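To convert, note that position 51 of the sequence shown is 198 in the numbering used here; the numbers rise steadily by one, no gaps.
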Amino acid sequence: MLIYKAIKKRRAENQSGSETVVNAEKNKEKKLCSHRQGSQNQNLSSPLLLNEPKQANTHPGGIPLEPLQPQASLESTDINQQSQIQTSGPCELCKKEKHDVRVYRWKLIAGLLLPYFLASVDLTIVAAALPFIASHFNKLDQLNWIVTAFTLTSTAFIPAFGQLSDVFGRHFVLQLAMFLMLIGSVLCAVAPSWGVLLLGRALQGTSASGITNLIQIILADKVSLKDNAKNSTIFQFVAGISYSVGPIIGGYLTNSNWRYCFVLTIPVAFFAHFIIYFLLRNELVQGSHFTKGSRRSSFLPGLATIDIGGTLLFVFGVGLLILGTAWGGVTYPWTHAAVLTPLVIGSILFIFFFVYEYLLEPGRIFGRLLPQQSPMIPTDIIRNRDTIVLAIIEFATGAAMFSVFYFISIYFTLVEGYEAGRSGLQLLYYIPGIGFGVYFAMFTCNVWPAQTFVPLSVGTVIETVGIALLTWATTTRNIPVVSGMMAVAGAGTGMRFMPATLHVSGIWPDRIAPAMSVMRFSLPFGGTLALTIMGSVFNNKMAEVFRHGSSSGGVDLHNTGQSLEAIDKLPPDVQDYVRNLAKNAVMWAFISIIPIMAISLVAVFFLGNVWIKSKKAKEEAERKAVEDGKVGEAIISSEVIQVPFLWALITGTVEANKYISTPLSKAEKEKQAHAVLEEKNRLRALKKHKAGVVDPENASP
């Protein structure tokens, strides 16, 4: 009996030991990297390793179409390459890839942080200086134009820069944007008149649109969605700091001379030119028509592929809409023809832009007339629900952020009577809020739950509540309360910086540039329209002291000079009257954008979700990498749900609606390109046939 028990125990130990070995082998297989998996699969399927003769690909008549010997040599070469992959111990190729990713990330940081800092600072460095710059030119009632000139062009040219970067390459277009920054800063620094200053600000805005859009596109190029999240986190921290310290720097520079706000960017932009050239010239994605080493003769063919019609419609449509809202109620009454005409024409052009983009697609009327051009923003991107919701969220983010930076500075200058430096310093309380928001977004995207819906939805709620509370705080004239509400609003803004770009990259892995352009357009467009609306409301409420012939309270700044010095010279009781009037004007300016916040709050209920860390998506990306012969290269892949995520969560249909989003494989792209080429050739032949041109190959003798 004892012997039987001992034998049974030994058998159980042997069985458990064999199971342990099997489990270890399974775990080992699971831990195989993509290189070893690819090597293992190729070795198992290799005809030479199976000792099976390779059959020639023969014609039905028996004539071989390709020789046997070269094929064998190719296979032996593949085997030699596979033999270099170690089957045990650390994979050297994996170590090299990780090293290359780190080097690439540090090159991006070193080469792009300075331009990104410049573009962000240029947006807010004049925030504390606005009243002083306008006062210098006696244009205090038009101070919003200093911002509008910048944001108008920074909004209108974003999609154009996205398409230019696809055609001419990221490096060439980024250097062009930096050059515009240099010229615009010089014009602002030496501006002898109000018009020259606005021209310089317009050029700075054009530059900022290119820099910010291109950097977001570059961060999404050549990396996985997980690495994109890490890279974006770094740059969003820089953006948050830049937005916040800009008014502080501008405020203290304005104490000496407001022109130093623009002089500062000149040497920095000049230095950034060289950093980009030496560090990133060979790293960035090249253009489809203008690549490294291309001659000047290839420039015009590349330019011919640009959607010129769409660009003009978009620029003029957006520009006229902003001009109309900027003039309304300030320069002219809302019923004046000078206001109604640009609003009506701008709306028509903006709507026709989307119609034109639809008709420019292959097979449609403009697509047949201009077969070499492609839409600046494909209509399937615009029709996508998540894209629309993200655009609304980004629109509201821009409205909230711009309103705080500019109108809180106006509040501290006109209402509290602070000097420029102290006024800019008050915006420092915005930094902790933005920092917390960015960190929250980083944690929820990179660590847990590694999704984009959480920071976008939570940020939308907090930002809406924060702006509403900040509106109330301005009426109390209680500085600690105003500072605290700024921090709350900043937290909501910071939470929405990074996730929107990750979300759109997950949905459109093959169309990063146009999809990112929509996002980058929405944020400044929201800020521009919000500032324009707020400026109109503010000026209407301050009309008693700005307009000629005002008699309420005995104040008429039109005759005494529209400057801060004129307010300081008023009697104390009249000063209090003007400052209380300014307090109410700021309050109503903030109230005017609360509906925008409310719309974004409703829109977030229709948002889908993107899972950044997904095992299924990673496996699919590795499979496509093996198919395309790009083992080890980063491929954007994620699990996506495009039905409203909250509804899917409530109904328990999340898993049923999930799908894996990865770029098209090489074979799929070739098939798609071949179909497009065939369609274009068919359209050209049809056009020639209608014109009476006979194809000589098909001509009868």
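For glycine and all other residues, C-beta sits at the position ideal for the given N, C-alpha and C. None of the values given here were measured: they were computed from a predicted structure.
What did DSSP end up calling GLU766 once you bin it into helix, strand or coil? Looking at GLU766 - three-state DSSP - the assignment turns out to be helix.
Straight-line Cα distance separating PHE753 from GLY457: Roughly 29 angstroms between the two C-alpha positions.
In angstroms with no decimal places, state the Cα-to-Cα distance between ALA281 and TYR424. Near 37 angstroms, if we compare the C-alpha coordinates of TYR424 and ALA281.
Going by other Cβ atoms of all chains shown within 10 Å of its Cβ, with 16 needed for buried, is GLU825 buried or exposed? Counting Cβ neighbours within 10 Å, GLU825 comes out exposed, since fewer than 16 surround it.
State yes or no: is the C-beta of ARG726 within less than 8 angstroms of the C-beta of VAL562? Remark: C-beta atoms of ARG726 and VAL562 approach each other more closely than 8 angstroms.
Going by C-alpha to C-alpha distance, which of TYR503, PRO671, ASN687 and LEU572 sits closest to THR300? Nearest option by C-alpha distance: PRO671.
Around the C-beta of SER403, are 16 or more other C-beta atoms found within 10 angstroms, so that it is buried, or is it exposed? Label assigned to SER403: exposed.
Could you check if VAL757 belongs to the surroundings of the ligand COA, using beta carbon to heavy atom distance under 7 angstroms? Absence of the ligand COA is noted for the structure shown, with no ligands found whatsoever.
Would you tell me roughly how many angstroms separate the C-alpha atoms of ALA832 and ARG515, rounded to the nearest one? Rounded to whole angstroms, ALA832 to ARG515 spans 11 angstroms at the Cα level.
Just the Cα atoms here: how many angstroms apart are ILE528 and THR534? Approximately 7 angstroms, taken between the alpha carbons.
For ARG643, is the classification buried or exposed, using 16 other Cβ atoms within 10 angstroms of its Cβ as the cut-off for buried? ARG643 is buried by the Cβ-count criterion.
From the DSSP output, read off the bridge partner residues of ASN756. Paired residues: ILE788.
Best match in TYR553, LEU277 and GLU766 for proximity to VAL733 [C-alpha to C-alpha]: Minimum Cα distance to VAL733 is reached at TYR553.
From the DSSP output, which residues share a beta bridge with ILE807? Under the DSSP definition of a beta bridge, ILE807 partners with GLU786.
Apply the 10 Å Cβ neighbour rule to THR103 and answer buried if 16 or more other Cβ atoms are within range, or exposed otherwise. There is no way to answer for residue 103, as the model of the chain reaches only from 148 to 848.
DSSP has TYR479 in a bridge; who is on the other side? DSSP, once it has assigned bridges, lists GLY475 as partnering TYR479.
Where do the N-terminal and C-terminal ends of the alpha helix (DSSP H) with LYS716 fall, by residue? Run containing LYS716: none; DSSP gives neither H nor E here.
Could you check whether LEU255 and ASN429 sit closer than 8 angstroms to each other, using their CB atoms as the reference points? Their beta carbons are not under 8 angstroms apart, which means ASN429 does not touch LEU255 by this criterion.
Expected contact under 8 angstroms - CB spacing of THR800 and SER784 to nearest Å: About 22 angstroms separates the beta carbon of THR800 from that of SER784, a gap too long to meet the 8 angstroms contact definition.
Which runs of the alpha helix (DSSP H) spanning at least 4 residues fall entirely within the region 276 to 335, listed in chain order? Counting whole runs of 4 or more residues, the region 276 to 335 contains the alpha helix (DSSP H) stretches 277 to 283, 291 to 303 and 305 to 315.
Cα separation between SER570 and SER371? Roughly 42 angstroms between the two C-alpha positions.
Backbone CA spacing between TYR586 and GLY653 [nearest angstrom]: CA-to-CA, the gap between TYR586 and GLY653 works out to about 21 angstroms.
For a test of the three-state rule: what should DSSP assign to GLN598, helix, strand or coil? DSSP places GLN598 in the strand class (E or B) of the three-state scheme.
Can the beta-carbon of PRO518 be found closer than 8 angstroms to that of LEU830? One thing to note: PRO518 has its Cβ within 8 angstroms of the Cβ of LEU830.
Return the chain-ordered list of same chain residues with a C-beta closer than 7 angstroms to the C-beta of THR298, the five sequence neighbours on each side being excluded. Beyond the five residues adjoining it in sequence on each side, THR298 comes within less than 7 angstroms, by CB distance, of GLY352, PRO671, GLY674, THR675 and LEU678 in the same chain, given in chain order.
Could you give the C-beta distance for PHE304 and GLY357, rounded to a whole number, given that I count them as a contact under 8 angstroms? Indeed they touch by this definition, with Cβ atoms about 7 angstroms apart.
Quick check on the DSSP output: the alpha helix (DSSP H) that includes ILE680 runs from which residue to which? Segment 659 to 688, the alpha helix (DSSP H) holding ILE680.
If contact is defined by three or more beta carbon pairs under 8 angstroms, each pair taking one atom from either stretch, is the region 489 to 499 in contact with the region 538 to 550? Between the region 538 to 550 and the region 489 to 499, the count of Cβ pairs shorter than 8 angstroms is below three; the stretches do not touch.
Starting from the C-beta of ALA729, find all residues in its chain whose C-beta is less than 6 angstroms away, skip the five residues before and the five after it, and write them out in chain order. Hits under 6 angstroms: LEU561 and VAL562.
What residues in its chain sit with their C-beta under 6 angstroms from that of PRO405, if we drop five residues either side in the sequence? First, the amino acid is wrong: residue 405 is Trp here, not Pro. The answer, listed in chain order, is ALA276, PHE279 and ILE280.
Starting from the C-beta of TRP474, find all residues in its chain whose C-beta is less than 7 angstroms away, skip the five residues before and the five after it, and write them out in chain order. Closer than 7 angstroms at the Cβ level, and outside the excluded window around TRP474, lie ALA485 and VAL486.
Does DSSP put GLN520 in a helix, in a strand, or in coil? GLN520: coil per DSSP, three-state reduction.
Reference GLY613; option with closest CA among ALA546, ILE455 and LEU572: That would be ALA546, whose Cα lies nearest to the Cα of GLY613.
Quick one: measure Cβ to Cβ for TYR399 and GLY631, integer angstroms, because I've assumed they're closer than 8 angstroms. Contact doesn't hold; Cβ gap of about 24 angstroms is too wide.
Cβ of GLY434 within 8 angstroms of Cβ of PHE590? In this structure, the beta-carbon distance from GLY434 to PHE590 does not fall below 8 angstroms.
Endpoints, the alpha helix (DSSP H) within which GLY352 is located: Segment 341 to 367, the alpha helix (DSSP H) holding GLY352.
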